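Peer 1: Protein chains in written order, with my numbering: chain V, 1 to 194; chain Y, 1001 to 1194.
Quick one: the structure is below, questions incoming.
2 protein chains.
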Amino acid sequence: MKVLCLDLEGVLVPEIWHGIARATGIETLKKTTRDIPVYEDLMRLRLDTIERHAVTMETIRRTIDGLDPFPGADAFLAWARRRFQVAILSDTFYEFAMPLMAKLGFPLLLCHRLVVEDDRIVGYRLRQEQAKAASVRAFQSLGYEVVAVGDSYNDIDMLRAADRACFFRAPDRIADAHGDIPRFETYDELMCAL
Amino acid sequence: MKVLCLDLEGVLVPEIWHGIARATGIETLKKTTRDIPVYEDLMRLRLDTIERHAVTMETIRRTIDGLDPFPGADAFLAWARRRFQVAILSDTFYEFAMPLMAKLGFPLLLCHRLVVEDDRIVGYRLRQEQAKAASVRAFQSLGYEVVAVGDSYNDIDMLRAADRACFFRAPDRIADAHGDIPRFETYDELMCAL
């Protein structure tokens, strides 16, 4: 029995901040870890932007309620949960992700927390530094081989820490920079590889 | 967000070896960690017994397919998964537990493996020593507070390692020996306490 560590956004569900960008019409919020590799820089930009545009948590919540997992993600996850112990390792926040977790049947999710005051996001609390890689190493310390699947800059440490790694729908510039990690574009390909 | 670590047998599902004892009519297989505190002693007795009675893996598999989670376990787990990240920590084996996991919607399960040859269980592989307590500490190392629920001797280390602990339907002699750990008898009580 192996542990399968899956990134969330870009692998199972759309980028949540893209959804917020579309719903609010704020272009800046389309930036992701694919564009800005340092997570703290990206989050500062996001929080400054939503503060400037006075976007409430309620608006964001309604937007996220309207998001759905990618077509095929549910079937892929059902397949994976019969063969692996599945953990979703994400740099998103429980406040954002839980409605999507409900749609995916509540797999284990290890991510971060937001600080919300008076319906405004005023900050965030990273669970720990390099949380994804630390989670991989924690499962390894429990005697598990870990297979990891990600798509972006913030997944590289996780992919490098894992016993086996795959890119899923990674942008060329990220996948090309790590040419030793195999890349897949469809859930069918991924299932064959796993 | 906290991690809720739940024992499996006695908390969510019946004792699997009890089911095997009933199906095969072998009384000795009714012994559990509640009767024999040292897990290795218990497992040696079980494996010797099924070898002596020539019980096949196929017989055991059919028996387990017929087991169901406790009434209310599914609703309790659905409640828990909306409020916690849930991990099942068990000293059972994936070969036994996966049909029951399917009935519970595949929560994360950390347990052990059997060694099966020619349809006979010839051994078992503990993932690590004190696997339940090690799993609690692994989640704590990732920045989570851990709440643990168990019922038996092999849960004590897990309950002691956790930030908060409850007994669920524990025998008096175990609960009384650890009187500082609150005990509950129904899922409703447990939900109120959690």
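Don't be surprised by glycine CBs; every beta carbon is placed ideally from N, CA and C.
Small disclaimer: the values here were computed from a predicted structure and weren't measured.
Considering only the beta carbon of each residue, do Y/Ser1152 and Y/Thr1056 sit closer than 7 Å?
Peer 2: Going by C-beta atoms, Y/Ser1152 is not nearer than 7 Å to Y/Thr1056.
Peer 1: For V/Arg173 and V/Leu100, I'd like the C-alpha separation in whole angstroms.
Peer 2: Those two C-alpha atoms are separated by around 28 Å.
Peer 1: Is there a Cβ of chain V sitting closer than 7 Å to that of Y/Gln1128, yes or no?
Peer 2: Closer than 7 Å to some Cβ of chain V, the Cβ of Y/Gln1128 qualifies, so yes.
Peer 1: Helix, strand or coil, according to DSSP, for V/Val3 in the structure here?
Peer 2: Looking at V/Val3 - three-state DSSP - the assignment turns out to be strand.
Peer 1: Relative to the C-alpha of V/Leu190, which candidate in V/Ala177, V/Gly179, V/Ala170 and V/Asp176 has its C-alpha closest?
Peer 2: If we check each option's Cα against that of V/Leu190, V/Ala170 comes out closest.
Peer 1: Can you round the beta-carbon distance between V/Ala134 and V/Cys111 to whole angstroms, since I take them to be within the 8 Å contact cut?
Peer 2: In fact, because the Cβ distance is near 12 Å, the residues do not count as touching under 8 Å.
Peer 1: My assumption, with CB atoms under 8 Å, is that Y/Lys1103 sits in contact with Y/Asp1068. Please give the rounded CB distance.
Peer 2: Yes, they are in contact, since the Cβ atoms of Y/Lys1103 and Y/Asp1068 sit about 6 Å apart, within 8 Å.
Peer 1: Quick check on Y/Thr971: buried or exposed, where buried means 16 or more other Cβ atoms within 10 Å of its Cβ?
Peer 2: Absent from the structure is residue 971 of chain Y, since the part of chain Y shown begins at 1001 and ends at 1194.
Peer 1: Can you name the residues of chain Y whose CB is closer than 9 Å to the CB of V/Leu142?
Peer 2: Simply Leu1110, Arg1127, Gln1128, Ala1131, Ala1134, Ser1135 and Ala1138.
Peer 1: Should the segment 9 to 27 of chain V be regarded as contacting the segment 58 to 77 of chain V, the criterion being three or more beta carbon pairs within less than 8 Å?
Peer 2: Segments in contact, yes.
Peer 1: Taking 7 Å as the cut-off, decide whether the C-beta atoms of V/Cys166 and V/Leu89 are in contact.
Peer 2: For V/Cys166 and V/Leu89, no; Cβs fall outside 7 Å.
Peer 1: Which term fits Y/Val1115, buried or exposed, when burial requires 16 or more other beta carbons within 10 angstroms of its beta carbon?
Peer 2: Exposed is the call here.
Peer 1: For V/Gly10, decide whether its Cβ has a neighbour in chain Y, counting only Cβ atoms nearer than 7 Å.
Peer 2: False, the Cβ-Cβ gap to chain Y never drops below 7 Å.
Peer 1: Tell me which residues of the segment 81 to 98 of chain V have at least one Cβ-Cβ distance to chain Y shorter than 9 Å, keeping chain order.
Peer 2: Hits within the stretch, in order: Arg81, Arg82, Gln85, Val86, Ala87, Tyr94 and Met98.
Peer 1: From V/Asp74, V/Val3 and V/Phe106, pick the residue whose C-alpha is nearest to that of Y/Phe1084; which is it?
Peer 2: Ranking V/Asp74, V/Val3 and V/Phe106 by Cα distance to Y/Phe1084 puts V/Phe106 first.
Peer 1: Would you mind listing the beta strand (DSSP E) stretches within the segment 73 to 114 of chain V that are 3+ residues and don't spill past its ends, in chain order?
Peer 2: If we require 3 residues or more, the beta strand (DSSP E) runs fully inside the segment 73 to 114 of chain V come out as 85 to 93.
Peer 1: Using CA coordinates, which residue listed in Y/Val1011, Y/Met1001, Y/Ala1161 and Y/Arg1160 is at the minimum distance from Y/Gly1150?
Peer 2: Out of Y/Val1011, Y/Met1001, Y/Ala1161 and Y/Arg1160, Y/Val1011 has the C-alpha closest to the C-alpha of Y/Gly1150.
Peer 1: Note the first and the last residue of the continuous beta strand (DSSP E) segment covering Y/Ala1165.
Peer 2: Unbroken beta strand (DSSP E) run through Y/Ala1165: Arg1164 to Phe1168.
Peer 1: Just tell me which of V/Phe70, V/Ala21, V/Ile26 and V/Phe76 has its CA closest to the CA of V/Leu194.
Peer 2: Measuring from the Cα of V/Leu194, the nearest candidate turns out to be V/Phe76.
Peer 1: How would you write the range of the beta strand (DSSP E) that V/Ala131 sits in, first residue to last?
Peer 2: V/Ala131 -> not in any beta strand (DSSP E); alpha helix (DSSP H) instead, spanning Ala131 to Ser141.
Peer 1: Name the two residues that bound the continuous alpha helix (DSSP H) containing V/Tyr187.
Peer 2: Segment Tyr187 to Ala193, the alpha helix (DSSP H) holding V/Tyr187.
Peer 1: Exposed or buried, Y/Lys1030, counting other C-beta atoms within 10 Å across all chains shown (16 or more means buried)?
Peer 2: Its Cβ having fewer than 16 others within 10 Å, Y/Lys1030 is exposed.
Peer 1: Is Y/Met1001 close to chain V? Criterion is C-beta to C-beta, closer than 7 Å.
Peer 2: Cβ-Cβ to chain V under 7 Å: yes for Y/Met1001.
Peer 1: Going by the DSSP bridge assignment, what does V/Val149 pair with across the sheet?
Peer 2: V/Val149 is bridged to V/Leu6 and V/Cys166.
Peer 1: Is there a Cβ of chain V sitting closer than 7 Å to that of Y/Phe1106, yes or no?
Peer 2: Yes, contact with chain V.
Peer 1: Rounded to the nearest angstrom, how far is the Cβ of Y/Tyr1094 from that of Y/Arg1125, given a contact under 8 Å?
Peer 2: In fact, because the Cβ distance is near 10 Å, the residues do not count as touching under 8 Å.
Peer 1: Write down the C-beta distance between Y/Gln1195 and Y/Val1147 rounded to the nearest angstrom, noting that I regard them as a contact closer than 8 Å.
Peer 2: No information on residue 1195 of chain Y is available, as it lies outside the stretch 1001 to 1194 that chain Y covers here.
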